[in-house]
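A short write-up of the structure that comes next.
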Amino acid sequence: MKELRNFIGGTWRDPRGLKRFSSMNPADGRETVADAPLSGRADVDLAVEAARSAAPAWRTLPAPRRGEILYRAAQLIAQNKRRLGELVTTEMGKVLPEGLGDVQEAIDIAYYMGGEGRRLQGETVPSELPNKDCKSQREPLGVVALVTPWNFPIAIPAWKMTAALICGNTVILKPSSETPACAAALVEILAEAGVPPGVVNLVFGSGEEVGEYLMSHPGVDAASFTGSCNAGERLERVLAPLHRPLALEMGGKNAIVVMDDADLELAVDGAAWGAFGTSGQRCTATSRVVVHERVYDAFVSRLAERAGRMRLGNGLKPETEVGPVINERQCAKILDYVRVGKEEGAKLVIGGERITTGELQHGLFIAPTIFAGVKPTMRIAQEEIFGPVLSVIPCTSFDEAVSIVNSSRFGLSSAIYSRDVNITARAEKEFATGIVYINASTIGAEVQLPFGGWRHSGSGHPEAGGKGGAVEFFSKVKVIYRDYSGRLQKAQIDREA
Ligand code: UN1
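The sequence shown maps to residues 8 to 504 in the working numbering.
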C-alpha cells in the first residue's frame, strides 16, 4: 500500500490534520491501493500560497523552455508507461490495455503542449491607420485550480496540467479520492522532469471540503473541473459571483445511430466497445444506440451475443475484457437504473445484475447490460448512468434518428454507422454534439483537437489541443496597438467620410 502525502512548494508534506482516506482496488475490495491525507482548508491555503509565489518566475520563463520540461515529462511518462498503466488498472479498474491507453494519452498531450511552447499564437492584423501595429498575444491567467475525476486518472490531470503549465500558469491539483495514487505518480514525474517547486501542487481531500474551497479561493484566478453534472452545476452557481474563468466538462448520453445500410458487424463492434469498454465509465461512453427498424432485430441479437461473451474480471488479466465499476455507490446507482428501466417497460435483453460468484465475488462487477425497445423519453435514455448499461432505441428514418440523438440535455459525442456518404455528411452537420464520429464509436478522441461537450455536457471551454482547445481557456488575450506615426491618430474618425 502506498502512503501518500500532499505536494506543496516542491516537497511532499503531511497535512495539518490527521484524517486520512484510502483508495481500494475495485476488482478486489480486500486490497487497499493507497492511503492519502484528507486535507483541510489550511492545507489548501498553503498550496495556493506556494502557487502564488512560484507564479512570477514561471510566467517569465520563456514558453519554449516550459515546453522542454513538458517534453521531459512526456519521456519520463513513456519510460514508466507499464508501471503507470498497471497502477491505473489497480486503482481504477479499467483493463490493462485501457490503463496503458490512459497513460498514452498523457504522453500525447505532454508532447503536444510541449510543442505549443513554440506556438502559443496571437495574431498580427493590419491597422486602418498608417504607421500603427495591431497584434494580440496570450498571457497566463495566474494560479489555476484543477479538480479531476477518477475515470481517466492519469490522462485528465495531464490534459489540464500540461495546458495550464505551457500557458505559464501555476497549478493546484485536487484529484478524485478514488485515484490518489495515480495523481501522485503523475505529479512525481512532473517534478522529476524539472517543474520548479510551487509550480505544480497537489492536495488530496474531499470535493466539498477541499475541491470547492480551492476553486473559490481568493488566491486562485481560474478553475477547471471534470466530473458529474450535479457537481459542475453547483460549482457554476458557487463561483458565479467570483467572476473567474471556469471550465466544466460534465456528463454525456452519447448515441450511435445504426442505419439500415450499415456494416452491421462493424456497428456491433463499435457499440460493444463504446458501451462496455471502461465498464461504460467514460463521459464519451455509448449509452444509446438508435437502430433503423430494418436491421433492429439483427443488431440487437448480435450485440447481445457479443455482450454475453465478454469476460469480466481483474483488468490485469490478459483475458479480461470488462473490468469492475468504481465503487459501491456507483454499483448501487447502476443497478437502480436497471430497476428503473424495467419499470419503465424497456426489455432487459441481457445482463442487469451484479456478479458475485467465483473470482468476482470480492469486486464490483456488473454484467454488460442491454435494454431493447427503449423509448427516447425514458429515464434510461435520458439520464447519465456511467456504467455498462446500453439502451437500444428503434427508429424508422434518418430524420427521426437525428431528433432522437439531439433530444438530450447532454451533447458530448455521437456517431453514425452508414455507407451512404450523403447520410453521413448530414449526420456530421445535424448531430448537436461537440464530437461526431463517422463509422466509429463514440469514444476515442485524440489530443490534437478540442475535446468538449455542448449544452449540459460542458461550459464551452474544451480540453486538449487545436483551435478553441485548452490553450484558449488557460490563457487570456491581450491586444496591443502601437502607434509610431508620432502624431495623434484617431481610429474610426481619421478618414474622408
Ligand atoms: C472521458 O470520457 O472522460 O475520447 C474522457 C475518449 C478518451 C477520453 C475520454 N480519449 O474516449
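Ideal Cβ positions, reconstructed from N, Cα and C, are used throughout, including at glycine.
Limits of the unbroken alpha helix (DSSP H) element including residue i
i, result
"L246", "236 to 246"
"P71", "70 to 86"
"Q111", "103 to 123"
"M8", "Where M8 is concerned, there is no enclosing alpha helix (DSSP H), given that its DSSP letter is neither H nor E."
"F480", "477 to 480"
"A254", "Where A254 is concerned, there is no enclosing alpha helix (DSSP H), although the beta strand (DSSP E) it sits in stretches over 253 to 256."
"Y491", "Counting along the chain, Y491 falls outside any alpha helix (DSSP H), and DSSP gives it neither H nor E."
"L249", "No alpha helix (DSSP H) holds L249; DSSP gives it neither H nor E."
"D276", "271 to 283"
"S410", "405 to 413"
Residue i and residue j closer than 8 Å at C-beta
i, j, result
"G284", "E105", "yes"
"D42", "S29", "yes"
"L209", "N87", "no"
"E98", "P160", "yes"
"G287", "I263", "no"
"A254", "L91", "no"
"N429", "R289", "no"
"I442", "S466", "no"
"L7", "F481", "Since the first residue shown for the chain is 8 and the last is 504, residue 7 is missing from the structure and cannot be characterised."
"P187", "L11", "yes"
"A314", "A279", "yes"
"M222", "F211", "no"
"A434", "I445", "yes"
"V329", "I387", "no"
C-alpha gap between residue i and residue j, whole angstroms
i, j, result
"R318", "T291", "22 Å"
"R251", "A229", "5 Å"
"L249", "K382", "42 Å"
"M385", "S398", "10 Å"
"A374", "M257", "25 Å"
"V178", "V151", "5 Å"
"G100", "Q128", "39 Å"
"E240", "D140", "42 Å"
"T293", "R336", "21 Å"
"G122", "I173", "9 Å"
"F378", "R361", "16 Å"
"F458", "V356", "33 Å"
"S60", "T67", "13 Å"
"G214", "H224", "14 Å"
"G475", "N237", "25 Å"
"W65", "K483", "16 Å"
"L242", "A422", "30 Å"
"G74", "L103", "29 Å"
Residues of its chain near residue i, where Cβ-Cβ distance is below 7 Å and the 5 sequence neighbours each way are ignored
i, result
"A439", "N413, G418, W461"
"L271", "V302, A305, F306, R309"
"S425", "M266, D268, A269, T431"
"A117", "L77, A80, A81, I84, A165, T169"
"Q455", "Y119, G472, G473"
"P401", "V298, E300, Y303"
"V514", "Any question about residue 514 goes unanswered here, given that the chain covers just 8 to 504."
"T403", "E300"
"G380", "A353, K354"
"K260", "S294, R295, Q389, E391, S415, F417"
"G205", "G16, G17, A57, A58, S60, A61, T177"
"K497", "none"
Same chain only: Cβ atoms within 8 Å of residue i, ignoring 5 sequence neighbours per side
i, result
"P71", "G124, R125"
"Y220", "R48, V51"
"K9", "V40, A41, D42, A188, A191"
For residue i, the first and last residue of its enclosing beta strand (DSSP E)
i, result
"W157", "Taken as a continuous stretch (DSSP letters only), W157 belongs to no beta strand (DSSP E), as it is neither H nor E."
"A229", "229 to 233"
"P401", "396 to 402"
"R433", "First-last for R433: 428 to 437, but that is the alpha helix (DSSP H), not the beta strand (DSSP E)."
"D42", "35 to 44"
"P182", "Premise fails: P182 is in no beta strand (DSSP E) and is neither H nor E."
"A262", "261 to 265"
"T18", "18 to 20"
"V443", "442 to 445"
Neighbourhood of residue i by C-beta distance below 6 Å, restricted to the same chain and skipping five residues each side
i, result
"N138", "Y491, S492"
"T131", "K142"
"I114", "A81, I84, A85"
"G234", "P156"
"G358", "A374, P375, T376"
"G24", "G47"
"Q144", "G129, K485"
"A34", "G100, N321, P331, G370"
"S183", "P156, W157"
"A408", "V264, V297, C402"
"G218", "V154, K181"
Cβ-heavy atom distance, residue i to the ligand SAM, below 7 Å
i, result
"R295", "Ligands displayed in this structure: the ligand UN1; the ligand SAM is not among them."
Exercise. Would you list, in sequence order, the uninterrupted beta strand (DSSP E) runs of no fewer than 3 residues that lie entirely inside the stretch 292 to 341?
Key: The stretch 292 to 341 contains these whole beta strand (DSSP E) runs: 293 to 299.
Quiz item: Quick one: complete alpha helix (DSSP H) runs, 4+ long, within the stretch 366 to 397?
Solution: DSSP assignment within the stretch 366 to 397 yields the following whole alpha helix (DSSP H) runs of 4 residues or more, N-terminal first: 386 to 389.
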